[in-house]
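The structure appears right after this line, and notes come after that.
Number of protein chains: 2
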Amino acid sequence: MLDVTHGDTHGDTLGDTAGIDLFQILRDGRPRTRSELASLTGLARSTVASRVESLVRLGLVRPVGDAVSTGGRPSSQFALNASGRVVLGVDVGASHVRIAVTDLSGKILAQDSVAMEVAEGPAAVLAWVATAGRELLKKANAASTDLLGIGVGLPGPVEHATGLPIDPPIMPGWDRYDVPQNLGEQFGVPVLVDNDVNIMALGERAASWPHIDHFIFVKVATGIGSGVISGGLLQRGAQGIAGDIGHVYVPQGDDVPCRCGNKGCLEALAAGPAIARTLRAAGLDVESSADVIALVKAGNTDAIRAVREAGRTIGQVLTACVSIINPAVIVLGGSIAQAGEHLLAGAREVVYARSMPLATGQLQISNSRAGANAGVLGASMLAIHHALSPERVDALLASTAR
Amino acid sequence: MLDVTHGDTHGDTLGDTAGIDLFQILRDGRPRTRSELASLTGLARSTVASRVESLVRLGLVRPVGDAVSTGGRPSSQFALNASGRVVLGVDVGASHVRIAVTDLSGKILAQDSVAMEVAEGPAAVLAWVATAGRELLKKANAASTDLLGIGVGLPGPVEHATGLPIDPPIMPGWDRYDVPQNLGEQFGVPVLVDNDVNIMALGERAASWPHIDHFIFVKVATGIGSGVISGGLLQRGAQGIAGDIGHVYVPQGDDVPCRCGNKGCLEALAAGPAIARTLRAAGLDVESSADVIALVKAGNTDAIRAVREAGRTIGQVLTACVSIINPAVIVLGGSIAQAGEHLLAGAREVVYARSMPLATGQLQISNSRAGANAGVLGASMLAIHHALSPERVDALLASTAR
């Protein structure tokens, strides 16, 4: 009952030993001497020295400063060794798979992608991921023992605790498929799985908005979804579906059926297929989201008008998000958002007109900057965060001590 | 860039010394021996012994176990001493002030309240708070040196970093008034100030839903607002106004002006004054929210119907909250919600009909259990959380060492 505002987050740190805290202190990248580390942790100098040595051997920490170059007494300062180990970030979309190998700062060292339907199933998709992953590690001159983890984004709901996709509507064959086990057995490292929009929110923020603690990433493509970061933390909610704004009811669409079985959902009114339907009704030859994007890029005014109107509809739901979350930044991503500034313009129009001045005075609404890389960047951040957690570093230290 | 999912929360722990962690470990209430504490913190036995002794002297930790009662060797176990110190929780409403003294577990030891308009201004309100606070400390047999902090809830927007009310619409004379300085000078302890609905969310959760990490408290009275707890943490947003759902646009109220200057806000359609207006239009003699509540309690069907319809309108906005936050529990509080189950029934009707099954399958929507105590309980939790934070305990330890 006591720790009401910290909750579980705080609980996570209670089991730490001071030796792990030493590494967590170094995670900010600033170099420190052994005696600084001793006074920060309260550990004996000799304990600090032996832990630092183990972390250097693990490739997580490196000596810095001029002492090394002069070849004299041992280096006096130590810092996080961001280039010492690597992770893989995998972004599985409805009709593409992207993969990147990054260092521990999230810097992309090599990447690859393929056009592939997620509906081909987990065996086909993960076989490509495994082959491409091994190739990329080679390209980045990383040994398989340098790999600390794999992050994967999937285009459907994922149970956070297990990493299993749960009843994903556009992923036949994937329901409860154990992705962590499959890739874990092939690579021998922890595998973290999350929803693609959560992953994109992490990636976009890490790449372009690192100091923004209240952040919403909205993906507008074949579907509509969002990833919510509040208080600096990705929020998943009670069932892991926080941010699922595609099925918020929008009154003017009362009669439009949605694939979810309900009527009047945001997605049924403003995602790519809905825009295509509007344009077909106006007599244009449009089948898919891709056709919509092509028309917009060609400057077709009907298409531009329809995308802007979709932006206004999305803006209606975003006004509620603004009131509930009070974000500093909202980013629009996904193929429809990235076809120019039209969706953004429509969304801004409604949000700035309908929200409280205090909430919008400093609110930025922007198109994605990370673009197609948001997914792999976020997946790698997920893997890095897990790999550098106190528990994992503790496990690594214990394994080398044996 | 690295610690993308932990953000600032994690940063909070980086400066800790191991001695503070010792107390943070004991905050869960479980008794532990000195040697358990030594192995959990990595500190030397002698350091643990002296820190434990200081914490016992501060009244934050107490010896437990039978060793004390037999009068032999010193007690072998130590635990948080919840009854060792106290805090004050103050709930300032539009037309009432409540105050309670609680122990460090949030247990109310004594309380008082008065009917007073917040519009009387800070000097009058805080003078009553100071007098009542001193009386309550006496009643609870607490010396002024036992007081660790004061939490205050105000019925308007509060800047989180400073505790200053910012342009509060119903609080003439309070704009940027320094409540922490006023009470801090009188009581010599830290004073934490927050918005009343955030405070009620903390209090309701602490009292009745301590293990629920995704939680929304909605207050429906003269106005409508909510407090949002995500991932176990109260979310304040970029400007401290997260949860401000009273001004979300509701389409069917397009022509109804709101006191905020906009039209069609939830509050303009479904708060007490809006229900009173509906009933006046139906020919009833209703002026205020209090009249509405009296009619509902008397079983007037027009009033019951109007409150239920208000519940449906609130439910519309709550469906968006459910999609964005994915809460496990939504609690309705405030005077209109507590006039029976009618508002609740209307809200449930719409939320369960319009939200995704995965989001509502295990969602509870409930009336407040803490009721009128939610505010003072939450204010005391705010004070307790601050008082027991690593930084504050460190400061206390340092002051006794001098």
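Chains as they are written, first to last, in the UniProt record's numbering: chain A, 1 to 402; chain B, 1 to 402. From the three backbone atoms N, C-alpha and C, an ideal C-beta is built for every residue, glycine too. These figures come from a predicted structure and were not determined experimentally.
With a beta-carbon spacing of about 12 Å, Ala221(B) and Ser368(B) fall beyond the 8 Å limit used to define contacts. One Cα belongs to Glu349(B), the other to Val248(A), and the distance between them is close to 16 Å. The beta carbon of Tyr249(A) falls within 8 Å of a beta carbon belonging to chain B, placing the residue at that interface. Ser230(A) has its alpha-carbon roughly 9 Å from the corresponding atom of Gly231(B).
Within the segment 218–233 of chain B, contact with chain A at the beta-carbon level (separation under 7 Å) is assigned to Val228, Ser230, Gly231, Gly232 and Leu233.
Within the DSSP bridge table, the entry for Cys265(B) names Tyr249(B) as partners. If you draw a straight line from the Cα of Phe217(B) to the Cα of Ala328(B), it comes to about 11 Å. Gly151(B) places its beta carbon less than 8 Å from that of Val90(B). Taking a 10 Å sphere around the C-beta of Gly378(B), we find 16 or more other C-beta atoms and assign the residue as buried. Only those residues of the segment 348–362 of chain B whose C-beta falls short of 8 Å from the nearest C-beta of chain A are listed: Arg354, Ser355, Met356, Leu358, Ala359, Gly361 and Gln362.
Note that the segment 236–246 of chain B touches the segment 356–366 of chain A; at least 3 beta-carbon pairs, one per stretch, sit closer than 8 Å. Within chain A, no C-beta atom comes less than 7 Å from the C-beta of Ala119(B); the nearest is roughly 21 Å away.
The three-state secondary structure of Thr162(A), taken from DSSP, is coil. Scanning chain A for C-beta atoms nearer than 8 Å to the C-beta of Gln239(B) yields Asn326, Leu358, Ala359, Gly361 and Gln362, reported in chain order. Take Met171(A), set aside five residues on each side of it, and the residues of its chain with a beta-carbon closer than 8 Å to its own are Val118, Ala119, Leu154, Pro155, Gly156 and Pro165, in chain order. Restricting attention to Ala271(B), Gly59(B) and Ser54(B), the CA atom closest to the CA of Leu332(B) is found in Ala271(B). For Lys219(B), the enclosing beta strand (DSSP E) begins and ends at Phe215 to Val220. Taking C-beta atoms as the reference points, His96(B) and Ala124(B) fail to come closer than 8 Å. Non-local beta-carbon contacts of Arg57(B) in its own chain, meaning distances under 7 Å to residues more than five positions away in sequence, involve Thr400 in chain order. For the alpha helix (DSSP H) assignment, the uninterrupted runs of no fewer than 4 residues enclosed by the segment 95–171 of chain A are, from N- to C-terminal side, 122–139. Within chain B, no residue has its CB atom less than 7 Å from the CB of Ala398(A), the nearest being about 15 Å off. Residue contact check for Val376(B) against chain A: no CB pair falls below 8 Å. Contact between Gly340(A) and Val292(A) is ruled out by a C-beta separation of about 11 Å, above the 8 Å threshold. Contact with chain A is found for Cys260(B), since one of that chain's Cβ atoms lies less than 8 Å from the residue's Cβ. For Ala79(A), there is no enclosing alpha helix (DSSP H); the enclosing beta strand (DSSP E) has its first and last residue at Gln77 to Leu80. Here Ala303(A) is actually not in contact with Glu287(A); their C-beta atoms are around 13 Å apart, not less than 8 Å.
Relative to the Cα of Arg32(B), the nearest Cα in the group Phe78(B), Leu343(B) and Ala370(B) belongs to Phe78(B). Listed along chain A is no residue with a C-beta nearer than 9 Å to that of His160(B); the closest approach is about 11 Å.
DSSP assignment within the segment 298–350 of chain A yields the following whole alpha helix (DSSP H) runs of 4 residues or more, N-terminal first: 301–325.
Residue environment: Asp167(B) is assigned as exposed (fewer than 16 neighbouring CB atoms within 10 Å of its CB, all protein chains considered). Under the DSSP definition of a beta bridge, Ile229(B) partners with Phe215(B) and Leu234(B). In the three-state DSSP reduction, Ser355(B) falls in the coil class, being neither helix nor strand. If you draw a 10 Å sphere on the C-beta of Gln252(B), you find fewer than 16 other C-beta atoms in it, and that means exposed. 8 Å or more divides the Cβ of Ala207(A) from the Cβ of Ala395(A). Partner residues in the beta bridge of Asp91(B), as assigned by DSSP, are Arg98(B) and Gly153(B).
The Cβ neighbour count for Lys219(A), taken over all protein chains shown within 10 Å, is at least 16; the residue is labelled buried.
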